[in-house]
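Peer 1: Please see the structure below; I have some questions.
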Amino acid sequence: MKNITIRDVARKAGVSYVTVSNVINSKGRMSEKTKKRVLSAIRELDFYPDITAATLSKGRSDTVAFVSSYLSSPFVSSVLSGMEGKLYETGKFKHSIEHYATRGADAIKTDVIRNLLYGKRAGAAVLLTIKIGLKLMREFVKRKVPVVLVESRLKSAHSVRVDNFQGAYKAVEYLIKSGRKRIVMVSGAVKPAVFDQDVSPAAVERLDGFKKAAGDYGIKTGSESVLTVDYYNREEGERVMAGMMKGKNRPDAIFCAAGDMVAAGIMGKAEELGIKIPADAALIGYDDINFGRVEEPVLTTVRQPLFEMGEAAFETAVAAMEGKLKKPVDIILKPELVIRKTA
0 MKNITIRDVA RKAGVSYVTV SNVINSKGRM SEKTKKRVLS AIRELDFYPD ITAATLSKGR
60 SDTVAFVSSY LSSPFVSSVL SGMEGKLYET GKFKHSIEHY ATRGADAIKT DVIRNLLYGK
120 RAGAAVLLTI KIGLKLMREF VKRKVPVVLV ESRLKSAHSV RVDNFQGAYK AVEYLIKSGR
180 KRIVMVSGAV KPAVFDQDVS PAAVERLDGF KKAAGDYGIK TGSESVLTVD YYNREEGERV
240 MAGMMKGKNR PDAIFCAAGD MVAAGIMGKA EELGIKIPAD AALIGYDDIN FGRVEEPVLT
300 TVRQPLFEMG EAAFETAVAA MEGKLKKPVD IILKPELVIR KTA
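So the sequence shown is residues 0 to 342, counted in numbering that gives the first Met the number 0.
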């Protein structure tokens with residue numbers, strides 16, 4: 000089988016090989032007609048550019064590293080889908096995405112990031128709910144690897160985030176206006192519970208929103224008002240629900256800021272314990288991932304534009320790699336309270 004080259008594509012499309020290169024790399028000016036003719040030739044010839052050679056000639060990789068705590072979760076998948084949706088819009092085969100997981104451990108996070116930096120494995124890095132300090136950030140800057148923080152913030156890095164404070168405030172305000180007074184928040188870790196645990200800045204922002212809304216409406220909160228989970232899964236939701244229902248002063252509302260997956264565990268345990276939602280306790284989740292729309296009763300939740308977050312993160316990473324961003328950008332998206340059946 001013949002190895003198809005860029006010159007074969009040029010002959011097929013009736014253009015110069017430079018024009019083909021410009022189409023692949025989204026460079027230069029050309030008519031839409033010429034661009035379509037080149038892309039058609041690429042498809043017909045089943046042409047795949049030599050990414051390794053391109054990387055060597057430019058001295059950097061066009062790979063965007065995507066780093067998250069875990070590889071598999073509806074939250075991560077939604078953000079990654081948004082990134083992939085933009086992948087081919089920037090130029091056919093020009094970029095790729097590699098996914099790395101830290102398993103929530105600070106030491107693994109440091110190893111992954113140093114591997115990206117010193118191994119020159121990526122031209123940019125998108126970090127999802129991963130907090131990095133100034134020391135690591137300086138290493139990225141030194142090696143000219145742009146960083147996009149998703150659901151986190153650092154002045155020297157690009158960032159894409161949702162207004163978590165407002166998302167939490169809206170949820171708690173709605174519960175209070177609905178007549179609920181004993182509100183418990185279920186949160187991700189707001190400080191390390193175990194050695195080497197990474198903490199999501201989003202969890203801290205949501206806690207601040209919870210406290211502010213409660214304070215504004217005269218609802219007292221204390222240590223018993225906030226329960227934390229170590230993992231964002233159903234089992235953790237079942238665990239915290241069982242614990243909060245053992246006491247005499249049971250909550251009449253639960254704001255599950257730890258996400259819809261944990262909220263699903265809360266709903267399951269509530270049914271097992273004979274607690275009716277929302278009659279006995281209202282429930283609001285966070286994220287609006289798909290399964291929450293088919294659970295019974297259908298989950299009221301704070302919708303995060305996860306797909307759009309992924310799109311914005313990828314576009315920002317590519318623009319930064321291409322030198323189009325002269326200073327860090329901070330993109331803030333708005334959350335939406337979606338009222339359904341659980342509150």
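By construction, the Cβ of each residue, glycine as well, lies at the ideal position given by its N, Cα and C atoms.
1) Going residue by residue through the segment 235–286, where are the continuous alpha helix (DSSP H) segments of at least 4 residues, counting only ones entirely within it?
2) Cβ of residue 170 within 9 Å of Cβ of residue 316?
3) Which residues bound the alpha helix (DSSP H) around residue 358?
4) Mind checking whether residue 225 and residue 261 have CB atoms under 9 Å apart?
5) Compute the distance between the beta-carbons of residue 259 and residue 229, then report whether it is under 9 Å.
6) Where residue 186 and residue 257 are concerned, what is the direct C-alpha to C-alpha distance, given to the nearest angstrom?
7) I need the DSSP call for residue 153, collapsed to helix, strand or coil.
8) Per DSSP, residue 184 is paired with what?
9) For residue 285, count neighbouring Cβ atoms within 10 angstroms of its own Cβ and tell me buried if that reaches 16, exposed if not.
10) When you compare the CB positions of residue 64 and residue 88, do they come within less than 9 Å of one another, or not?
11) So for residue 99, helix, strand or coil by DSSP?
12) To which residues of the same chain is residue 20 closer than 8 Å at the C-beta, ignoring the five residues directly before and after it?
13) Along the chain, where does the beta strand (DSSP E) that runs through residue 302 open and close?
14) Does the segment 321–340 touch the segment 293–304, meaning 3 or more C-beta pairs lie closer than 8 Å?
15) To which residues of the same chain is residue 2 closer than 7 Å at the C-beta, ignoring the five residues directly before and after it?
16) Indicate whether the contact test is met: 3 or more Cβ pairs, each with one atom in the segment 247–256 and one in the segment 270–283, closer than 8 Å.
17) What is the DSSP secondary structure of residue 324, reduced to helix, strand or coil?
18) Any chance the segment 142–158 sits against the segment 313–331, with 3 or more Cβ pairs inside 8 Å?
19) At the level of alpha carbons, what is the spacing between residue 74 and residue 159?
20) Is residue 113 closer than 9 Å to residue 83 when the C-beta atoms are compared?
21) Excluding sequence positions up to five away, which residues of its chain have a Cβ less than 8 Å from the Cβ of residue 206?
22) Tell me where the alpha helix (DSSP H) around residue 107 begins and ends.
23) Per DSSP, residue 64 is paired with what?
24) Using DSSP with H/G/I as helix, E/B as strand and the rest coil, what is residue 172?
25) Could you check what DSSP says for residue 335 in three-state terms: helix, strand or coil?
26) Distance check for residue 234 and residue 265, CA to CA, integer angstroms please.
27) Looking at residue 342 and residue 173, is the spacing between their C-beta atoms short of 9 Å?
28) What does DSSP give as the partner residues of residue 330 in its beta bridges?
29) Please classify residue 223: is it buried, with 16 or more other beta-carbons within 10 angstroms of its beta-carbon, or exposed?
30) Quick check: residue 272 and residue 308, are their CB atoms within less than 9 Å of each other?
31) Going straight from the alpha carbon of residue 161 to that of residue 311, what length do you get?
32) In angstroms with no decimal places, state the Cα-to-Cα distance between residue 214 and residue 321.
Peer 2: On the basis of the coordinates in this document:
1) Annotation note: the segment 235–286 contains the following uninterrupted alpha helix (DSSP H) runs of length 4 or greater, listed N- to C-terminal: 259–272.
2) Using a Cβ distance threshold of 9 Å, residue 170 and residue 316 do not count as a contacting pair.
3) Nothing can be reported for residue 358: it is not among the residues displayed for the chain, which extend from 0 to 342.
4) Not closer than 9 Å, so no.
5) No; because the gap between Cβ atoms is not below 9 Å, this pair is not in contact.
6) Residue 186 and residue 257 have their C-alpha atoms roughly 5 Å apart.
7) Assignment of residue 153 by DSSP, reduced to helix, strand and coil, places it in the coil class.
8) Bridge partners of residue 184: 225, 254.
9) Residue 285 comes out buried.
10) It is not a contact, given that the beta carbons lie outside the stated cut-off.
11) Strand.
12) Closer than 8 Å at Cβ, skipping near neighbours: 5, 26.
13) That run of the beta strand (DSSP E) goes 299–302.
14) By the criterion of at least three beta-carbon pairs nearer than 8 Å, the segment 293–304 is in contact with the segment 321–340.
15) So the list is empty, once near-sequence residues are dropped.
16) Note that the segment 247–256 touches the segment 270–283; at least 3 beta-carbon pairs, one per stretch, sit closer than 8 Å.
17) In this structure, residue 324 counts as coil in the three-state DSSP scheme.
18) The answer is yes - the segment 313–331 touches the segment 142–158, with three or more Cβ pairs under 8 Å.
19) Per the coordinates, the alpha-carbon of residue 74 lies some 15 Å from the alpha-carbon of residue 159.
20) No, the Cβ-Cβ distance between residue 83 and residue 113 is not below 9 Å.
21) Same-chain partners within the cutoff: 167, 184, 186, 189, 225, 256.
22) For residue 107, the enclosing alpha helix (DSSP H) starts and ends at 105–117.
23) According to DSSP, residue 64 bridges with 97, 124.
24) In the structure shown, residue 172 sits in a helix (DSSP, three-state: H, G or I).
25) Per DSSP, reduced to three states, the secondary structure at residue 335 is strand.
26) Residue 265 and residue 234 have their C-alpha atoms roughly 9 Å apart.
27) Taking 9 Å as the Cβ cut-off, residue 173 and residue 342 qualify as a contacting pair.
28) Residue 330 pairs with 159.
29) Exposed is the call here.
30) Cβ distance not < 9 Å, so residue 272 and residue 308 don't count as in contact.
31) Roughly 12 Å separates the two Cα atoms.
32) If you draw a straight line from the Cα of residue 214 to the Cα of residue 321, it is about 46 Å long.
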